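Numbering follows this note's numbering, with no gaps: position 45 of the sequence shown is 651. We put the CB at the ideal spot given by N, CA and C, even for glycine. Bear in mind that the values here come from a model prediction, so they are computed numbers and not experimental data. What follows is a set of notes on a single structure, which appears directly below.
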Amino acid sequence: MKYGSLILEKKEYVYLKRILNISGYGNDTNVTKSLVKLSEELKTAQIVNNDEVPEDIVRFNSIVTIASENGWEKELQVVIPMDKNVALNKVSVLAPMGAALLGYSKNDTIDWDFPGGAQKIKIIDVQKEESLKGIDIHI
607 MKYGSLILEK KEYVYLKRIL NISGYGNDTN VTKSLVKLSE ELKTAQIVNN
657 DEVPEDIVRF NSIVTIASEN GWEKELQVVI PMDKNVALNK VSVLAPMGAA
707 LLGYSKNDTI DWDFPGGAQK IKIIDVQKEE SLKGIDIHI
């Protein structure tokens with residue numbers, strides 16, 4: 607891990623903690639395992655101001671190119687749950703893939719238990735879109 611721990615922007619961290627608390631982790635055991643792992647990683651995450659977030663960190667609305675050790679490569683966007691859209695490759699942060707990527711950086715390799723089994727995923731590229739566009743977060 608390039609930066610030693612996850613890096614999250616303060617407002618995004620607060621929002622994520624709220625939706626994790628509200629979600630109750632759902633009924634799907636694979637989703638539950640991913641969200642519990644994300645919750646554990648949040649305990650040691652670096653929480654920083656917006657202007658301190660490195661450009662290569664996966665945040666809400668980041669467009670991320672990933673590659674699997676199995677040989678596939680894919681571009682997806684990590685979004686808030688209400689914006690998920692499989693047809694447009696928009697993956698919810700509460701889905702196993704979204705939970706796996708958030709807070710990691712370009713060139714990081716992630717070991718994660720996905721519904722299809724444990725995999726190593728490498729982050730090839732991270733592109734930014736305006737983070738939390740249209741979301742009113744009160745701290």
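*Would the beta-carbon of Lys639 be found less than 8 Å away from any heavy atom of the ligand MN?*
Inclusion of the ligand MN in the displayed structure is not the case, the ligand content being empty and no account of it being possible.
*Which one or two residues does DSSP pair with Lys728 in a beta bridge?*
Ala673 and Thr715
*Would Lys643 pass as a contact of Ala705 if the rule is Cβ separation under 9 Å?*
yes
_At the level of alpha carbons, what is the spacing between Ser698 and Lys623?_
14 Å
*Taking all protein chains shown into account, do 16 or more other C-beta atoms lie within 10 angstroms of the C-beta of Val732, making it buried, or fewer, making it exposed?*
buried
*Use the C-beta contact count for Glu658: other C-beta atoms within 10 angstroms, 16 or more gives buried, fewer gives exposed.*
exposed
*Straight-line gap, Gly610 to Ile625 (C-alpha atoms, nearest Å)*: 25 Å
*Assess, as a yes-or-no matter, whether the segment 675-683 is touched by the segment 647-656 under the definition of 3 or more beta carbon pairs within less than 8 Å.*
Taking 8 Å as the limit for Cβ pairs, the verdict is that the segment 675-683 does not touch the segment 647-656.
*Using CA coordinates, which residue listed in Leu708, Asn691 and Trp678 is at the minimum distance from Gln725?*
The shortest Cα separation from Gln725 among Leu708, Asn691 and Trp678 belongs to Trp678.
*Residues near Val664 in its chain [Cβ-Cβ closer than 8 Å; skip 5 each side]*: Val670, Val684, Leu707, Leu708, Gly709, Tyr710, Ser711, Ile729 and Val732
_6 Å CB neighbourhood of Asp662 in its chain, flanking five on each side removed_ = Sequence-distant partners of Asp662 (beyond 5 residues in either direction) whose C-beta falls short of 6 Å from its own C-beta, in its chain, are Ser711, Lys712 and Val732.
*Would you mind sorting Val618 into buried or exposed? The rule is 16 or more other CB atoms within 10 Å of its CB.*
The question names Val, but residue 618 is Glu in the sequence shown. Burial is judged here by how many other beta carbons sit within 10 angstroms of a residue's own beta carbon; Glu618 has at least 16 and is buried.
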